[in-house]
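Notes follow the structure.
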Amino acid sequence: MSDPAIVHTAVTDEPLDADALEAAVLDPAHGAVTRFVGRVRDHDPEAAGEVVALDYSSHPDAPAVLRRITAEVLREHDAGGVTRVAVAHRTGHLEVGDVAIVVAVASAHRAPTFAVCSALVEAVKAGLPVWKHQHEADGRAVWSGLGLDARDAPLDDAPPTEGSRAGAAEGSS
Numbered sequence: 001m002s003d004p005a006i007v008h009t010a011v012t013d014e015p016l017d018a019d020a021l022e023a024a025v026l027d028p029a030h031g032a033v034t035r036f037v038g039r040v041r042d043h044d045p046e047a048a049g050e051v052v053a054l055d056y057s058s059h060p061d062a063p064a065v066l067r068r069i070t071a072e073v074l075r076e077h078d079a080g081g082v083t084r085v086a087v088a089h090r091t092g093h094l095e096v097g098d099v100a101i102v103v104a105v106a107s108a109h110r111a112p113t114f115a116v117c118s119a120l121v122e123a124v125k126a127g128l129p130v131w132k133h134q135h136e137a138d139g140r141a142v143w144s145g146l147g148l149d150a151r152d153a154p155l156d157d158a159p160p161t162e163g164s165r166a167g168a169a170e171g172s173s
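full-length UniProt numbering puts the first residue of the sequence shown at 1, with every later residue one more than the last.
Here it is as structure tokens:
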């Protein structure tokens, strides 16, 4: 059964249009809209140098997981049941400044929009099976979001599978 409050979820390699996602949640009954736009930044506190690009990869089930995460956040944070949500996460190659995630939330009042938007951003970051291959100015490229410390266990060009993790961590070729 689909949730009418979830008007759009996507994990896509196409550029994200924050204005279109915001427009998708608008309704005459809603007086408040909160929008979060996450962009690729030029630094990472753990990076040795400047970040120049990111490559996002996702699990094939990521779109279904995103929809489930969105539904769970709405159940937990939308007591009034009037909120509408659109969320999209980008995959593929992104340069500094490119949009990586958009969350748009509309409701009759501001409090639910802030609560749902914030909770959804955190839930997506924690639970969406998307991995980031970060490219740094010095030519170094590291994976993050793999459940291991990628700086201590550099990998080749793909996220490890459960069976390949041990070999990659031991530095075997």
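Ideal Cβ positions, reconstructed from N, Cα and C, are used throughout, including at glycine. The structure presented is a predicted model; accordingly, all values stated were derived computationally and were not measured.
Apart from sequence neighbours up to five positions away, the residues of its chain that approach alanine 119 with a beta-carbon distance below 6 Å are Val73, His77, ordered along the chain. Shown here, histidine 77 sits in a helix according to DSSP, grouped into three states.
Secondary structure at valine 116: helix, using DSSP grouped into helix, strand and coil. The way I'd put it, the region 41 to 56 doesn't touch the region 65 to 72; fewer than three beta-carbon pairs between them come closer than 8 Å.
Within the same chain, Leu66, Arg67, Thr70, Val87 come within 6 Å of threonine 9 by CB-CB distance, once the 5 residues on both sides are set aside. Here the C-alpha atom of leucine 54 lies approximately 10 Å from the C-alpha atom of serine 144. Here glycine 92 has Asp13 as same chain residues with Cβ atoms under 6 Å from its own Cβ, once five neighbours each way along the sequence are excluded.
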